[in-house]
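One structure is given below, encoded as structure tokens.
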Amino acid sequence: GVINRVPIERVLFPPRDNIKALEEFAATMTVPVAPQKTPPEQKMTATITAEREKAATVPAAAPRHDLPTSQETAQALKRRLGKELYRAELDLSNKLRIAGKPCDCLESKHTLLLEAAAEELISQEPGNPVYSEIIAWITQNQSKVTIEAISSGQYDDEYPRMAAEFKGFRKRIMGTTTLTAMVEPKQEASAGETTPLAQD
253 GVINRVPIER
263 VLFPPRDNIK
273 ALEEFAATMT
283 VPVAPQKTPP
293 EQKMTATITA
303 EREKAATVPA
313 AAPRHDLPTS
323 QETAQALKRR
333 LGKELYRAEL
343 DLSNKLRIAG
353 KPCDCLESKH
363 TLLLEAAAEE
373 LISQEPGNPV
383 YSEIIAWITQ
393 NQSKVTIEAI
403 SSGQYDDEYP
413 RMAAEFKGFR
423 KRIMGTTTLT
433 AMVEPKQEAS
443 AGETTPLAQD
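Going by my numbering, the final residue of the sequence shown carries number 452, and the count climbs one at a time with no gaps.
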């Protein structure tokens, strides 16, 4: 009688004892500890004391790498922004087309670098309005540089003027439109011997 009332699953798969399973798991996770000659508290204290004494006698190691100064960081960001502005200037002068076909050269994913560098430079040079002007330009003109807008041909006469605006932004940031101004100083020595590609 009673056996017929007990579900077969209970007989074949007895209920799991969670406490017992947890204890078994914990037992497998413990690491056997080798017998020690001194109590752990004494050994740890002795090690810490020895490390403190050693640290007190050894002079601090000189930093391995020098971090850039704020001025160096600002100059690098200006060069990066100058390069992105120049790239956009070229795209705009080609009416945002590659091989005669509309490109997404100034879609939002591509202007992200322009905006990021400009935003960082706002904090470096809060008195210089050009960075805010770049961000405002992108916001105001984003609808004119979409694939649909380029395909329509509606703004073809504006793109060259926009390219000139970008050149103006670049000159205000770099102090010149010479392309060598966007080269890092280490590279400039070897590149300085060549004739600049574009002049003021």
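For every residue, glycine included, the Cβ atom is placed at its ideal position computed from N, Cα and C.
Quick check on G336: buried or exposed, where buried means 16 or more other Cβ atoms within 10 Å of its Cβ? The count along the sequence shown starts at 1 and reaches residue 336 at position 84. With the sequence shown as reference, residue 336 is identified as Glu, and Gly is not the correct amino acid for it. Flag for E336 reads buried.
- Rounded to the nearest angstrom, how far is the Cβ of L366 from that of L333, given a contact under 8 Å? Along the sequence shown, one-based indexing puts residue 366 at 114. Along the sequence shown, one-based indexing puts residue 333 at 81. The Cβ separation is near 7 Å, so the contact holds.
Proximity test, Cβ basis, 8 Å: E275 and chain D:
Protein chains in the displayed structure number just one, and chain D is not present.
Classify L373: buried if its beta carbon has 16 or more other beta carbons within 10 angstroms, exposed otherwise. Looking up residue 373 in the sequence shown gives position 121. With 16 or more other Cβ atoms within 10 Å, it is buried.
In three-state terms, what does DSSP make of K353? Position 101 of the sequence shown, counted from the first residue, corresponds to residue 353. Strand at K353.
With a cut-off of 8 Å on the beta carbons, I'd call F421 and V382 a contact; round off their distance for me.
Translated into positions along the sequence shown, residue 421 becomes position 169. Translated into positions along the sequence shown, residue 382 becomes position 130. About 6 Å separates the two Cβ atoms, so the contact holds.
* **E367, DSSP secondary structure in three states** => What you label residue 367 is simply residue 115 of the sequence shown in a count that begins at 1. Note: E367 maps to helix in three-state DSSP.
Helix, strand or coil at K272 according to DSSP, with G and I counted as helix
Here residue 272 corresponds to residue number 20 of the sequence shown, with the count starting at 1. It is helical.
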